[in-house]
Amino acid sequence: MKYYDCHCHIFTQKETINLRLLFEIILDFPKEHEKSLHLQKSLAAKENIFERIADKIQQLKRILNFLKTGFSDSEEDIFKIMESEYNNNFNIAPLMFDLECVFMADRHTPHDFSSHKDAIVSKYEQVVSEFQNSNNSFIKEAEAVLSEVKLIKSLKHNRRGLDELKALSQELNTHFSSIKEDKITDQKMLLSIKSNFDIQLNDISALQKKYPETVYPFIAIDPRREGIIDKFINEIYDENIFCGVKLYTPNGYSPSDIDLMKPDGLYAFCVEHDIPITAHNSYMGFATPLSSVVIKGYIYDNGLQLKDGPVHLKKAFSNGWVQDRATKFNHPEIWEKVLETYPTLKLNLAHFGNGSAEWQEKIFSMLNNPDYPNFHTDLSCWCYVKGHKSEIGLQLFYDKYYKNASDYIKSKILYGSDFYLDLMKIDSLSDYLKNFNNIFPVTEFTRIAYTNAKNFLFG
Ligand SMILES: [Zn+2]
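Quick note, the sequence shown lines up with residues 106 to 564 if you use the working numbering.
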């Protein structure tokens with residue numbers, strides 16, 4: 106018996122750039138930076154210099170691991186990492202991501218990347234240079250403190266830590282400058298965005314054909330990509346490559362988008378053929394940087410609103426810009442409108458609304474609703490055991506939502522990792538799995554990672 110990881114990512118593009126990775130850096134580095142500042146304040150600087158060096162080493166190792174994994178040569182390489190971390194005990198459902206539509210202000214119009222490129226690149230450079238500066242100043246400080254230390258014995262031991270830290274910092278800098286020099290050029294970025302979807306489609310199809318018993322891919326469908334819904338219905342679905350569909354509405358469309366909702370649209374087809382849909386649904390993550398997008402469907406802005414025209418958004422990278430898009434394009438109330446029309450749709454709102462107590466309450470009540478028998482949630486990217494900033498952590502999820510839930514609710518909760526995007530938050534996939542195994546008793550883990558998964562993917 107093999108378990109199922111219902112939510113992971115293996116996209117890579119070594120030769121061009123995977124812009125999604127740049128965004129992960131932009132979104133997550135400031136948090137890492139803040140964490141080390143916090144640590145600096147909370148520990149008496151000199152006495153704890155050794156712990157602080159060790160902590161910094163761990164932080165840089167993690168980031169390096171994330172970058173190396175993301176810039177793997179092929180999707181198969183990332184798949185192989187997962188196989189080995191999972192001891193070949195898991196089948197996986199890798200989800201695609203449509204990068205080009207992130208820059209599409211309206212359906213069937215060409216993407217508008219060029220007017221956002223400068224802002225993205227300068228944000229990337231700013232975030233990376235802040236990160237590098239903080240590393241450099243830490244190394245300097247550590248050198249100064251260590252040079253004061255009189256105990257030769259411990260000095261010898263701890264110089265090694267500092268040397269390791271310096272080497273790591275150097276290795277990271279090499280990565281950052283190669284990303285900048287080799288990859289962030291107009292041409293390569295443009296090429297990457299245009300070709301990204303087709304490359305992913307080809308790579309994941311090839312991988313599925315090679316490992317048909319282990320790899321169950323989900324195709325990314327963005328209703329603004331010309332012809333994609335018809336192509337899926339009339340061609341791609343019959344090829345038996347894709348197990349399900351991935352939606353990512355903060356990229357700039359409504360869950361109740363007209364082309365998803367119409368009688369010959371995506372949802373009707375998925376209901377008819379029992380095709381599972383996984384939709385990103387945390388209060389964090391990636392979102393379109395555009396300042397305005399044309400919406401045909403419901404948005405949530407102090408309540409549900411039906412739109413047929415442009416919706417204006419907070420300036421990209423300003424305070425709360427991701428939450429602005431999450432609320433408007435991904436609020437569970439909008440998803441409930443979808444379920445009111447298609448109550449038997451096999452829908453997984455991924456991440457169980459991580460980062461928003463309000464969303465979690467809403468999703469939990471939808472899970473309990475007998476009118477939506479095929480509605481699910483997954484626990485992908487639940488990397489923390491204890492609470493962390495806006496996240497309640499896996500332990501509290503278990504105690505508050507899972508432990509006393511009915512069998513009906515429990516049957517609708519899925520295990521997922523969000524690998525490799527979770528590597529910004531955790532050292533390895535095996536550590537991620539360990540957290541789950543420590544909290545969920547074997548029978549319960551079997552329920553979410555086997556019984557429910559099989560039901561969701563093939564039931
Ligand atoms: Zn994901």
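The beta carbon of each residue, even a glycine, is placed where N, CA and C say it ideally should be.
| Asked | Found |
| --- | --- |
| Using only CA atoms, which one of F337, I553, I531, P328 lies nearest to V566? | Residue 566 lies beyond the residue range present for the chain, which begins at 106 and ends at 564; the question has no answer from this structure. |
| Nearest to I186 by CA position, among A462, H114, L472, is which residue? | H114 |
| Between the alpha carbons of I439 and Y403, how many angstroms are there, rounded? | 6 Å |
| How close, in whole Å, do the beta carbons of L450 and Y358 come, if the pair is a contact with beta carbons under 8 Å? | That pair is no contact at about 17 Å. |
| What's the C-alpha gap between P448 and D476? | 6 Å |
| Which residues does DSSP list as the beta-bridge partners of Q410? | I404 |
| With a cut-off of 8 Å on the beta carbons, I'd call D483 and A455 a contact; round off their distance for me. | 5 Å |
| Are there three or more Cβ pairs, one per stretch, closer than 8 Å when the region 537-554 is compared with the region 514-523? | yes |
| According to DSSP, what are the bridge partners of V320? | I197 |
| Using a Cβ distance threshold of 8 Å, determine whether the region 191-211 contacts the region 351-369, with at least three qualifying pairs required. | yes |
| Sorted by chain position, which residues of the same chain lie with C-beta nearer than 6 Å to L126's C-beta, five sequence neighbours on each side aside? | G175 |
| My understanding is that A558 touches C111, with C-beta atoms under 8 Å, so please give their C-beta distance in whole angstroms. | 5 Å |
| Considering only heavy atoms of ligand 1, does any lie closer than 7 Å to the CB of H417? | no |
| Any contact between the region 458-474 and the region 420-439? By contact I mean 3 or more CB pairs, one from each, below 8 Å. | yes |
| Decide if A249 is buried, meaning its Cβ has at least 16 other Cβ atoms within 10 Å, or exposed. | exposed |
| Applying the 10 Å Cβ sphere with the 16-neighbour rule, what's the burial state of V320? | buried |
| On the three-pair Cβ rule with 8 Å, is the region 389-397 touching the region 360-371? | no |
| Taking buried to mean at least 16 other C-beta atoms within 10 Å of its own C-beta, is L418 buried or exposed? | buried |
| May I have the straight-line CA-CA distance separating I544 from E331, to the nearest angstrom? | 44 Å |
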